[in-house]
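**Student:** Chain order of the listed sequences is A and B. Numbering-wise, my numbering puts 40 at position 37 of the first sequence, and it's gapless, one number per residue. Numbering-wise, my numbering puts 80 at position 50 of the second sequence, and it's gapless, one number per residue. Glycine is no exception: its CB is placed at the ideal position from the N, C-alpha and C atoms. First the structure, then my questions, so here it is.
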Amino acid sequence: GDSVTQMEGPVTLSEEAFLTINCTYTATGYPSLFWYVQYPGEGLQLLLKATKADDKGSNKGFEATYRKETTSFHLEKGSVQVSDSAVYFCALSRNAGGTSYGKLTFGQGTILTVHP
Amino acid sequence: DGGITQSPKYLFRKEGQNVTLSCEQNLNHDAMYWYRQDPGQGLRLIYYSQIVNDFQKGDIAEGYSVSREKKESFPLTVTSAQKNPTAFYLCASSPGGGSNQPQHFGDGTRLSIL
Numbered sequence: 004g005d006s007v008t009q010m011e012g013p014v015t016l017s018e019e020a021f022l023t024i025n026c027t028y029t030a031t032g033y034p035s036l037f038w039y040v041q042y043p044g045e046g047l048q049l050l051l052k053a054t055k056a057d058d059k060g061s062n063k064g065f066e067a068t069y070r071k072e073t074t075s076f077h078l079e080k081g082s083v084q085v086s087d088s089a090v091y092f093c094a095l096s097r098n099a100g101g102t103s104y105g106k107l108t109f110g111q112g113t114i115l116t117v118h119p
Numbered sequence: 031d032g033g034i035t036q037s038p039k040y041l042f043r044k045e046g047q048n049v050t051l052s053c054e055q056n057l058n059h060d061a062m063y064w065y066r067q068d069p070g071q072g073l074r075l076i077y078y079s080q081i082v083n084d085f086q087k088g089d090i091a092e093g094y095s096v097s098r099e100k101k102e103s104f105p106l107t108v109t110s111a112q113k114n115p116t117a118f119y120l121c122a123s124s125p126g127g128g129s130n131q132p133q134h135f136g137d138g139t140r141l142s143i144l
């Protein structure tokens, strides 16, 4: 079945450091890929997405490129801020069995803490 | 503003009791979902609904039930058959119609056992 594997956390960085959170996936066909962010006590917010190979999603300084050859969708940011401290989830969605319900399969989440 | 409203934010259940979590959306989305989140784990799908009066089991449906009588509402009942209900429950919705449609999430309900 489908699966998503994220690098284990927690990740602790100083402000203005470079961030990479690795994400690899297993799925048949051509899934869509997403990064979601969860702040303490809240639900998930979509951070960025990519729907086909070589697409680059970007938002708020974060980027991720859909690499089909390596089945990866790594999240990067050039200079993190304290306000980026949150839990980050990688997820995939594909049509299954002819239905179009967009079921999401999530990774286990990576906790990011950024210190001043 | 359009969005998803979950209530209550905190809920406590006694042994042998059923409790119902509310989820309402005003985004005019066709599809709605319920997820369970446990510490250190990703989200796991409980139930989903693509259209009014229809819903399907997700990966961990045992001990839960849902209804979808209106497009904007998708309540989740945690029954007494669910032996380990303590978790953070998230409701989501999407326009439907394809895998590239992102899901929009509510702020969650935290359920604990008394």
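Based on Cα-Cα distance, which residue from A:Thr-27, A:Gly-44, A:Thr-31 and A:Gly-32 lies nearest to Trp-38 (chain A)?
**Tutor:** A:Thr-27
**Student:** Whose Cβ in chain A lies nearer than 9 Å to the Cβ of Asp-137 (chain B)?
**Tutor:** Gly-44, Glu-45 and Gly-46
**Student:** In this structure, does DSSP put Ser-110 (chain B) in helix, strand or coil?
**Tutor:** Ser-110 (chain B) falls in the coil class under three-state DSSP.
**Student:** Contact defined as beta carbons within less than 8 Å: I believe Lys-52 (chain A) pairs with Gly-60 (chain A). What is the distance between those atoms, to the nearest angstrom?
**Tutor:** 5 Å
**Student:** What number of angstroms, rounded off, separates the C-alpha of Gln-112 (chain B) from the C-alpha of Asp-5 (chain A)?
**Tutor:** 26 Å
**Student:** 9 Å is my cut-off, CB to CB: does Pro-105 (chain B) come that close to chain A?
**Tutor:** With 9 Å as the cut-off, Pro-105 (chain B) does not count as an interface residue toward chain A.
**Student:** If you measure from the beta carbon of Phe-76 (chain A) to each beta carbon in chain B, is any gap under 9 Å?
**Tutor:** No, Phe-76 (chain A) does not count as interfacial toward chain B.
**Student:** Report the start-end ranges of each beta strand (DSSP E) in the stretch 20 to 59 of chain A that is 3 residues or longer and not cut off at the edges.
**Tutor:** 22 to 24, 26 to 29, 35 to 41 and 47 to 53
**Student:** If we count Cβ pairs, one from each stretch, closer than 8 Å, do we get three or more for the stretch 133 to 142 of chain B versus the stretch 37 to 55 of chain B?
**Tutor:** yes
**Student:** So that I know if they touch, is there some Cβ in chain B lying closer than 9 Å to that of Gly-81 (chain A)?
**Tutor:** Output row for Gly-81 (chain A): interface = no.
**Student:** Count the other CB atoms within 10 Å of the CB of Gln-80 (chain B); is the residue buried (16 or more) or exposed (fewer)?
**Tutor:** buried
**Student:** Counting only beta-carbon separations shorter than 9 Å, does Lys-106 (chain A) have a partner in chain B?
**Tutor:** yes
**Student:** Going along chain B in order, which residues have a C-beta closer than 7 Å to the C-beta of Phe-109 (chain A)?
**Tutor:** Gly-72 and Leu-73
**Student:** Against chain B, with Cβ distances strictly below 9 Å, would Leu-49 (chain A) count as a contact?
**Tutor:** yes
**Student:** If I follow the unbroken beta strand (DSSP E) through Thr-108 (chain A), where does it start and stop?
**Tutor:** That run of the beta strand (DSSP E) goes 107 to 109.
**Student:** When you compare each of B:Ala-91, B:Asp-84, B:Phe-118 and B:Gln-47 to Pro-69 (chain B) by their alpha carbons, which one comes out closest?
**Tutor:** Answer by Cα proximity: B:Phe-118.
**Student:** Which residues of chain B have a Cβ atom closer than 9 Å to the Cβ of Lys-52 (chain A), listed in chain order?
**Tutor:** Asn-130 and Pro-132
**Student:** In this structure, what does DSSP give as the bridge partners for Ala-91 (chain B)?
**Tutor:** Paired residue(s): none; Ala-91 (chain B) is not in a bridge.
**Student:** State the CB to CB distance for the pair Ala-20 (chain A) and Val-83 (chain A), rounded to an integer number of angstroms; the pair is presumed to be in contact (CB under 8 Å).
**Tutor:** With 8 Å as the limit, Ala-20 (chain A) and Val-83 (chain A) qualify as a contact, their Cβ atoms being about 6 Å apart.
**Student:** Can you tell me whether Tyr-33 (chain A) is buried or exposed? The criterion is at least 16 other CB atoms within 10 Å of its CB, across all chains shown.
**Tutor:** exposed
**Student:** Spell out whether any CB of chain A is found under 9 Å from the CB atom of Tyr-94 (chain B).
**Tutor:** For Tyr-94 (chain B), no Cβ of chain A is located within less than 9 Å of the residue's own Cβ.
**Student:** Give the residues of chain B in contact with Gly-112 (chain A), contact being defined as C-beta atoms less than 8 Å apart.
**Tutor:** Under a criterion of Cβ atoms nearer than 8 Å, the residues of chain B adjacent to Gly-112 (chain A) are, in order, Gly-70, Gln-71 and Gly-72.
**Student:** Short of 8 Å in beta carbon distance, which residues of its chain neighbour Pro-105 (chain B), apart from the five on each side in sequence? Order them along the chain.
**Tutor:** Thr-50, Leu-51, Ser-52, Cys-53, Val-96 and Ser-97
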